[in-house]
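The numbering of the sequence shown is full-length UniProt numbering, which starts it at 1 and goes up by one.
Positions of the beta carbon are idealized from the N, C-alpha and C atoms, including for glycine.
As structure tokens, the structure follows; a few thoughts come after it.
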Amino acid sequence: MTNVPMEMLNYHTWANQTILGRIKELPSSVLSQELNSSFPTLAHALSHIYAVDQMWYLVLSGMAMGEALQECMPLNGKTFLTVEEYTDTYAELAERYKQWIQRQTDLEQTIILDNPYAGICETTLSNMLLHVVNHGTYHRGNVSTMLRQMGHASVMNDYCLFWYQQPVQSN
């Protein structure tokens, strides 16, 4: 049986590395080229994805959401100069997520989430993981659009392509 949250987390990691790999093929100036788009630069978009992924990691690890938001807000505005820095930073966080998920015995565990902006709700660990993936997918779409605005092709990073990147399991 497939562990759907783990599968989605693996997809998220793959998709992030795929789009970063595409950006790495382009002139280094694309990271800081200013655009009239969802984010002022690709670097800002990539930093936002990372900051939110880090914030949710902290929440999943037991930190109060308000505290996690405060800790990660500075990451939202901190941009790197090279794609390699993003690649390394994303990979380190993906490894922490992987280790976290492997320690979990019940991803359907319900928790009370106190979001300082939206209030209190009840959700599961698996739903929070799916949100991390969905958020990343949304903003990778922004990154793809920004690349096109700069005159560069993006790269396909859809979930269905991820399926085809996996080895075929024989029965």
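Is residue i helix, strand or coil when you go by DSSP?
| i | result |
| --- | --- |
| ASN3 | coil |
| GLN33 | coil |
| LEU26 | coil |
Our contact map puts residue i next to residue j with C-beta atoms below 8 Å; I'd like the distance itself, whole angstroms only.
| i | j | result |
| --- | --- | --- |
| THR110 | GLU92 | With a Cβ gap of about 29 Å, THR110 and GLU92 do not count as contacting. |
| VAL30 | LEU46 | No, VAL30 and LEU46 are not in contact; Cβ-Cβ is about 11 Å, not under 8 Å. |
| TYR97 | TYR57 | 6 Å |
| LEU161 | LEU60 | That belief does not hold up - the Cβ atoms of LEU161 and LEU60 are roughly 27 Å apart, past 8 Å. |
| MET65 | LEU113 | 6 Å |
| LEU26 | HIS152 | 6 Å |
| MET8 | VAL133 | 5 Å |
(request) Let me know the alpha helix (DSSP H) ranges lying completely inside the stretch 41-116, each 4 residues or longer, listed in chain order. (result) The qualifying runs are 42-60, 65-77, 83-103.
(message) Report the start-end ranges of each beta strand (DSSP E) in the stretch 115-165 that is 3 residues or longer and not cut off at the edges.
(response) For the stretch 115-165, whole beta strand (DSSP E) runs of length 3 or above, ordered along the chain, are 119-124.
(message) I want to know whether the stretch 28-46 touches the stretch 138-151 - three or more CB-CB distances under 8 Å.
(response) Using a C-beta cut-off of 8 Å, the stretch 28-46 makes contact with the stretch 138-151, since at least three inter-stretch Cβ pairs fall below that distance.
(message) I want to know whether the stretch 96-110 touches the stretch 125-137 - three or more CB-CB distances under 8 Å.
(response) Yes, since at least three Cβ pairs between the stretch 96-110 and the stretch 125-137 fall closer than 8 Å, the two stretches touch.
(request) Count the CB pairs spanning the stretch 103-115 and the stretch 84-92 that are closer than 8 Å, and state whether there are at least three. (result) In short, these stretches do not touch, since the Cβ pair count stays below three.
(request) Examine the Cβ distances between the stretch 11-22 and the stretch 155-167 and report whether three or more of them are shorter than 8 Å. (result) The stretch 11-22 is in contact with the stretch 155-167.
(message) Check whether the stretch 70-84 and the stretch 42-61 are in contact - that is, three or more C-beta pairs closer than 8 Å.
(response) Taking 8 Å as the limit for Cβ pairs, the verdict is that the stretch 42-61 does touch the stretch 70-84.
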